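At position 118 of the sequence shown (counting the first as 1) the number is 118 in UniProt numbering, and the numbers step up by one without a gap.
C-beta atoms are modelled at their ideal positions from N, C-alpha and C, and glycine is treated no differently.
Please read these numbers as outputs of a predicted model, since none were measured by experiment.
Below is one structure, written out as structure tokens; the observations come after it.
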Amino acid sequence: MEQETHWSRFATDFEKRNHYVAGKRNINAIKDELFQLKLTGKVLELGCGNGTYSQILADSADELFATDYSKEMVSFSAQRLNERKNVHVEQQDCFSLSYPDASFDAVVMVNLLHIIANPEKALQESSRVLKVSGTVVVVSFTIEGMNLFQKLGMGYRYLRTYGKPPAGAQTLTVEHTCDMLINCGFVITESKLIGHNSKAVFVRAKLV
Numbered sequence: 001m002e003q004e005t006h007w008s009r010f011a012t013d014f015e016k017r018n019h020y021v022a023g024k025r026n027i028n029a030i031k032d033e034l035f036q037l038k039l040t041g042k043v044l045e046l047g048c049g050n051g052t053y054s055q056i057l058a059d060s061a062d063e064l065f066a067t068d069y070s071k072e073m074v075s076f077s078a079q080r081l082n083e084r085k086n087v088h089v090e091q092q093d094c095f096s097l098s099y100p101d102a103s104f105d106a107v108v109m110v111n112l113l114h115i116i117a118n119p120e121k122a123l124q125e126s127s128r129v130l131k132v133s134g135t136v137v138v139v140s141f142t143i144e145g146m147n148l149f150q151k152l153g154m155g156y157r158y159l160r161t162y163g164k165p166p167a168g169a170q171t172l173t174v175e176h177t178c179d180m181l182i183n184c185g186f187v188i189t190e191s192k193l194i195g196h197n198s199k200a201v202f203v204r205a206k207l208v
């Protein structure tokens, strides 16, 4: 409930706020990586927010399920993606999804795992709904790879924009993200830091 309340109040201008906190250039770097993946088949996006990255995923997916825990975010995304006939926007709990086992070809989580209290539980639920050999993509903003000035600047902008992070929020690193995925039965196929003056963890893995 705290997660929904915290993020729901930012639904109408979420993208503008993120551009201020992380920088438009760095958000575009994430979009570029997702575009290059060209994920096909039935794709599930967890934590779609206001649909910033859903539009990129919808370009290649045969069918995209863009989901979020926040009703306000879902409502905003549904309006934004209304003309995309291959997109379904739904409210879902990433810890307890309503979908059957092995029903998706790919699961994408952008800026979700670092704001929830139990990221491994979300990864376990992702593995349940993924088909064998399905792909999971995790992207999360991080302070890894940033100098002190960059860290202080991003921290200031975040607090000014969103206030204190919700309970359970944490900073992810590439290594920690890979370890969690491996613990949940995934094999890492790509892992790196992306971005410019702000950084993001980018990890791609397959379910075995």
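Spatial neighbours of residue i within its chain, please: C-beta separation below 8 Å, excluding the five flanking residues on both sides.
i    : result
S133 : K206, L207 and V208
E120 : M180, N183 and C184
K131 : A102, S103, F104, D105 and L207
Using C-beta distances below 6 Å, list every residue in its chain close to residue i, excluding the 5 sequence neighbours before and after it, in chain order.
i    : result
S126 : V107 and V136
T52  : E15
S103 : V129
Y99  : V129
P165 : none
Could you spell out the range, first to last residue, of the beta strand (DSSP E) harbouring residue i?
i    : result
L46  : K42 to L46
H176 : No beta strand (DSSP E) contains H176, which is instead part of the alpha helix (DSSP H) from V174 to N183.
R204 : K199 to L207
E144 : Unbroken run through E144: none, as it is neither H nor E.
For the alpha helix (DSSP H) holding residue i, just list the boundary residues, first then last.
i    : result
F149 : L148 to Y162
F14  : F14 to A22
Just to confirm before moving on: does the CB-CB distance between residue i and residue j stay below 7 Å?
i    : j    : result
E63  : N86  : yes
A66  : V89  : yes
L46  : L112 : yes
I143 : T161 : no
To the nearest angstrom, report how far apart residue i and residue j are at their CA atoms.
i    : j    : result
G163 : F35  : 31 Å
F202 : L37  : 12 Å
S198 : R84  : 31 Å
C94  : Q150 : 31 Å
D68  : V139 : 16 Å
G145 : L193 : 8 Å
A19  : S96  : For the sequence presented, residue 19 should be read as His rather than Ala. If you take the alpha carbons of H19 and S96, they lie about 30 Å apart.
Report the residue ranges of all alpha helix (DSSP H) runs contained in full by the UniProt domain "Methyltransferase type 11" (44-138); include only those spanning at least 4 residues, in chain order.
Within the UniProt domain "Methyltransferase type 11" (44-138), the complete alpha helix (DSSP H) runs of at least 4 residues are 54-60, 71-80 and 119-129.
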